[in-house]
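Mind the numbering: the sequence shown is residues 47 to 565 in my numbering, read in order.
Yeah, the Cβ is synthetic: ideal placement off N, Cα and C, and Gly gets one too.
Okay, structure first, notes after.
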Amino acid sequence: MLLFGAHASSAQPVAFVNVNVIPMDRERVDVPWAAQTVVVRGDRIVAIGATTDTAVPDEATIIDGTGRYLLPGLVDGHVHLLGFGPGPRENFADGPVYLANGITTVVNMGGPSSPRRATELEWKRRVEAGALAGPTIYTAGAFVNEPRVRTPDDVERDIQSQARDGYDFIKFHELDDTTTGLSLASYRKMIDTARDIGIPIVGHAPNNLGVDVMLEARQPLAHLGNLSNIYFLPLAAHRGYLLVTATAFFLLIAAAALSGAPPHSRWIALATFVAFVCLSLFLPGGPLFESVALRMIVTVLTLLVAVGSVASVIFAVKIWREPRSPAPARMRASLASIASVALAVVLTTFWTPVAWRSSARGIDALATRIHDAGISVQSTLVVYEAIGGVNRLYRLPAFNMKVARALHRAGVPLVAGTDARGIPQLAPGTPLHRELQLLHESGLSPHEVLRAATVAPAIFLRKDHEFGTVSVGKRADLLLVERNPLQDLSTLKTPLGVMVRGRWLTRERLQHMRAAVLK
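Here it is, written out as structure tokens:
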């Protein structure tokens, strides 16, 4: 369907008169520009100025902005148009739902390789032509991940092909549809190829390669929560530590259970067990993730295990030097000492440092490194809230908000996104308003929250010359609301009207379009 019918192709200008403007074209605005006139012709803003000084074309449609507020249309910086669960509505029928929520641009993260991917490009072009009602679409193609692509040559060909096909950016994906993850050589080729072509790239954390590789590559992150997998609890890149820990612990338990076991083995095993109980309580998602006391307990227990391992080695040497020691005693002593030393090593070199990574100081240190690498991070806090009731995840939303606060303080650009249709719990449209509220609760001011949903996505896409601010020459994607969003973000949920690519939709029209889709 056409977005406006006959008005869709009309060049008749539109003027918002005597409106308060929140332009978002500077780092900070505490007070909107009062009594402004904004003139739109076609799909572009052509004039902005004081109402007393700005000429309005005689043929313009006048929209009275007295007492109202005009700001850039919102951007959902992380959606999946085709989704992963039940199929989406045909012909981008979710488009009016996005518009009714003030969202004039969506950043589609693509999905698994499939002939259906071409549908997203078709929707993008039809929306731009006015043949489909909906926000402007910027889209990735098929996920770049193994096993679909493995070698550096595979990666290079795939990215070049997606760029030729007209995709706007590349999505690197490492989750349930990968096995080992890209090799280091293939990962670096992915980054270099995208950079050489000049196409933006964003992705999941390369868990198998580690945080240092991601920071060196300066790869923008698709989910703030991925930092838990790659840094705060990086098991994928350090599976060996987990294997050594489990093996050594059970060997020590076996040795301690035998009669005549070395005297230190039992309390070393107990100290290790208590340390891991503490770790389970404060690692990301744990109920006591802010506890410094538990981290101190783990550190002290690690020192005790280290001392105990030395005592176990001394005991084993003494047993072996005693000529009359029976072979079983020697084997028990050797087994206990080897297991104790292994536990001491993994606790000292891996688990204790990991314990402090998720402390306030550790989070701040990572945030500084991310800022220094020049990486943007898509927030998607609402995702972890949506799945937050499952097992230990119930504290993960609070932990992620703490990380968001640290990233913001460090100056890391945050991009508001929801993962709409990426999981069944998140429908299009409304989750963005919850995302904005979560960002505000994480310490961002309302202006900074709006920046995350307007300017920041445009900068990531390298399209900030096109949209994201109320500026002359920019695309006319505008949101008219009743109250000042710098004081009350909830006013964004019920816009008086939305202008998308220069086409004006009143609240009544938006509600009618939305009802037609949802009935």
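*Pull up the CB-CB distance for Val461 and Pro492, whole angstroms please, since I reckon it's below 8 Å.*
The Cβ separation is near 17 Å, so there is no contact.
_Trp550 burial status per 10 Å Cβ neighbour count (16 or more: buried)_ = With at least 16 other beta carbons inside 10 angstroms of its own, Trp550 counts as buried.
*asked:* At 4 residues or longer, what runs of the alpha helix (DSSP H) sit wholly inside the stretch 430 to 480?
replied: Counting only runs of 4 or more, we get 442 to 456.
*Can you tell me where the beta strand (DSSP E) with Asp110 in it begins and where it stops?*
First-last of the beta strand (DSSP E) with Asp110: Thr107 to Asp110.
*Would the beta-carbon of Val85 fall within 8 Å of that of Ala61?*
Yes, these two residues count as a Cβ contact at 8 Å.
*Evaluate Phe445 with the Cβ neighbour count: other Cβ atoms within 10 Å of its Cβ, from every protein chain shown; 16 or more gives buried, anything less gives exposed.*
Label assigned to Phe445: buried.
_Which complete alpha helix (DSSP H) runs does the stretch 303 to 338 hold, if anything under 4 residues is left out?_
Within the stretch 303 to 338, the complete alpha helix (DSSP H) runs of at least 4 residues are 311 to 328.
*Three-way DSSP call (helix, strand, coil) for Pro103 in this model*: Pro103: coil per DSSP, three-state reduction.
*Coil, strand or helix - Arg162 by DSSP*: In this structure, DSSP gives Arg162 a state outside helix and strand, which the three-state scheme calls coil.
_Do Lys170 and Ile183 have their beta-carbon atoms positioned less than 8 Å apart in this structure?_
Yes. Within cutoff.
*Report the residue ranges of all beta strand (DSSP E) runs contained in full by the stretch 211 to 269; include only those spanning at least 3 residues, in chain order.*
Qualifying beta strand (DSSP E) stretches, in chain order: 216 to 218 and 247 to 249.
*So, helix, strand or coil for Ala188, using DSSP?*
Ala188 falls in the strand class under three-state DSSP.
*Near Leu304, which residues of its chain fall below 6 Å by C-beta distance, leaving aside the five closest residues on each side in sequence?*
Excluding positions up to five away in sequence, the list reads Arg378.
*Any idea what DSSP makes of Pro118, helix, strand or coil?*
Reduced to three states, the DSSP call for Pro118 is strand.
_CB of Phe189 within 8 Å of CB of Gly157, strictly_ = Their beta carbons are under 8 Å apart, which means Phe189 touches Gly157 by this criterion.
*Under 8 Å by Cβ, that's how I've got Leu128 and Thr165 pegged, so tell me the actual separation to the nearest angstrom.*
So it is a contact: roughly 7 Å between Cβ atoms.
*asked:* Among the candidates Thr464, Ser425 and Ile384, whose CA atom is the shortest distance from the CA of Leu298?
replied: It is Ile384.
*Whole-angstrom distance between Ala80 and Leu102, CA atom to CA atom*: A small fix is needed here, since residue 102 is Val in this sequence, not Leu. Rounded to the nearest angstrom, the two C-alpha atoms are 17 Å apart.
_Same chain, Cβ closer than 8 Å to Leu564, five either side skipped, listed in chain order_ = Answer for Leu564: Val143, listed in chain order.
*Could you tell me the boundaries of the alpha helix (DSSP H) in which Met377 lies?*
It spans Ala373 to Val392 - the alpha helix (DSSP H) in which Met377 sits, taken as one unbroken run.
*Buried versus exposed, by CB contacts within 10 Å (16 or more), Ala382*: The residue in question, Ala382, is buried, as its Cβ has 16 or more Cβ neighbours within 10 Å.
_Are the CB atoms of Leu230 and Ala251 within a distance shorter than 8 Å?_
Contact flag unset, no.
*asked:* Would Ser326 and Ser355 be called neighbours here (beta carbons separated by less than 8 Å)?
replied: Judged by their CB atoms, Ser326 and Ser355 are not nearer to each other than the 8 Å cut-off.
*With 8 Å as the threshold, decide whether the Cβ of Met260 is near any Cβ in chain B.*
Among the chains of the structure shown, chain B does not appear; only one protein chain is present.
_Residues that DSSP places opposite Asn154 in a beta bridge_ = In DSSP, Asn154 forms a bridge with Val125 and Thr185.
*Taking the continuous alpha helix (DSSP H) assigned at Thr2, which residues delimit it?*
Since the first residue shown for the chain is 47 and the last is 565, residue 2 is missing from the structure and cannot be characterised.
*Residue of Leu524, Leu427, Gly457 and Met545 minimising C-alpha distance to His479*: Looking at the Cα atoms, Leu427 is the closest of the given residues.
_On the DSSP letters alone, give me the boundaries of the beta strand (DSSP E) that Val400 sits inside._
Here Val400 belongs to no beta strand (DSSP E); instead the alpha helix (DSSP H) covers Thr398 to Arg403.
*Please look up how many angstroms separate the CB atoms of Asp89 and Arg547, rounded, as I've assumed it's under 8 Å.*
At roughly 4 Å, the Cβ-Cβ gap stays under 8 Å, so Asp89 and Arg547 are in contact.
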